[in-house]
Amino acid sequence: MPSALAGFGLGLSLIVAIGAQNLFVLRQGLRREHVLVVAAICAASDAVLIALGVSGVGLVLLAVPWVVDVVRWAGALFLTGYGILALRRALKPSGQVLDARAETDAPAEPAAPGSSGTATATKPRTRLVTVVLTCLALTWLNPHVYLDTVFLLGSVANTHGDGRWVFAVGAMAASVLWFFGLALGARFLSRWLSTPRAWRILDGVIAVVMFAIAISLVLPA
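Taking our numbering, I'd label the letters of the sequence shown as residues 5 to 225.
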């Protein structure tokens, strides 16, 4: 139990931070779009990376630093592209907003022309394959993910000796709790994102964070 709690605490402290992956999960949760799939991909990816770290793969990767460099530059390029898309959405909004009254993932029907209805159009849904590929890229092309899960968590887990896999399970549980909680809990923020201006601000914040992370990846430590 102490090893499991230690893994849970360290895992949660590393995951709960404003980053590319968390912002993507938050945005999908706010859009109520493929929410469970996104959360499952993030949690499963963390579980794989944590297992690799505990099994000692992190030590092998340290012996071939060029692999980390490749991931670092690929991640920087991807984050820059994603940031540009977010910036474009912020500068040229579509005019559509999130319907805070929606109960399901189905898009709300706009009011008929000439009617007195006040139905609000939702943002157009993104294809599942696009969401999955974006989520995988934000996860696996982020060098910080490897530093946190494979190297740091793996190293700390191995200090627990025979309890290292219990430690790993605790860290994996923290990942599952966080990503599903963030994805499913995001819909409660929808009332504050029912205007085009709110979505422009959100996309602007996402763009700034993406650019900042991309720059941090290529600048020398």
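A virtual CB, placed ideally from N, CA and C, is assigned to each residue, including glycine.
Rounded to whole angstroms, how far is the Cβ of residue i from the Cβ of residue j, which I believe are closer than 8 Å?
i   : j    : result
C46 : Q32  : Rounded, the Cβ-Cβ distance is 10 Å, inconsistent with contact.
A48 : F171 : That pair is no contact at about 19 Å.
A44 : V173 : With 8 Å as the limit, A44 and V173 do not qualify as a contact, their Cβ atoms being about 17 Å apart.
Just how far apart, CA to CA, sit residue i and residue j?
i    : j    : result
R93  : R168 : 45 Å
G23  : L151 : 14 Å
R129 : V20  : 27 Å
K96  : L206 : 13 Å
R131 : T143 : 19 Å
A218 : V149 : 14 Å
G87  : D166 : 43 Å
G15  : A178 : 6 Å
T163 : G85  : 39 Å
M214 : D50  : 20 Å
A141 : T134 : 11 Å
C139 : L145 : 10 Å
S59  : P200 : 47 Å
L83  : V209 : 14 Å
S159 : L40  : 30 Å
L188 : V68  : 39 Å
For residue i, which of the options has the nearest alpha-carbon?
i    : options             : result
V180 : P6, L27, S7, V42    : V42
L186 : A8, F155, P200, R35 : R35
F183 : S7, L27, P6         : L27
G13  : I210, V209, A161    : A161
H38  : S220, T199, V136    : V136
R204 : W70, L89, V68       : L89
Please go through the same chain and pick out, in chain order, the residues whose beta-carbon is closer than 6 Å to the beta-carbon of residue i, but skip the five residues on each side of it.
i    : result
V222 : A80
L157 : I54, G57, A175
L91  : A211
Going by beta carbon distance, what residues of the same chain come within less than 7 Å of residue i, once the five residues before and after it are set aside?
i    : result
L30  : L186, A190
A202 : W196
Keeping to the same chain, check which residues put their C-beta closer than 8 Å to that of residue i; ignore five residues upstream and five downstream.
i    : result
R18  : Per the sequence shown, the amino acid found at residue 18 is Leu instead of Arg. The residues are D152, T153, L156, L157.
F192 : none
At a cut-off of 8 Å, would you count residue i as near the ligand SAM, judging by its Cβ distance to the nearest heavy atom?
i    : result
L142 : In the structure shown, the ligand SAM is absent, as is every other ligand, since no ligand is present at all.
Does the stretch 76-84 touch the stretch 46-58, meaning 3 or more C-beta pairs lie closer than 8 Å? Short answer: they don't touch.
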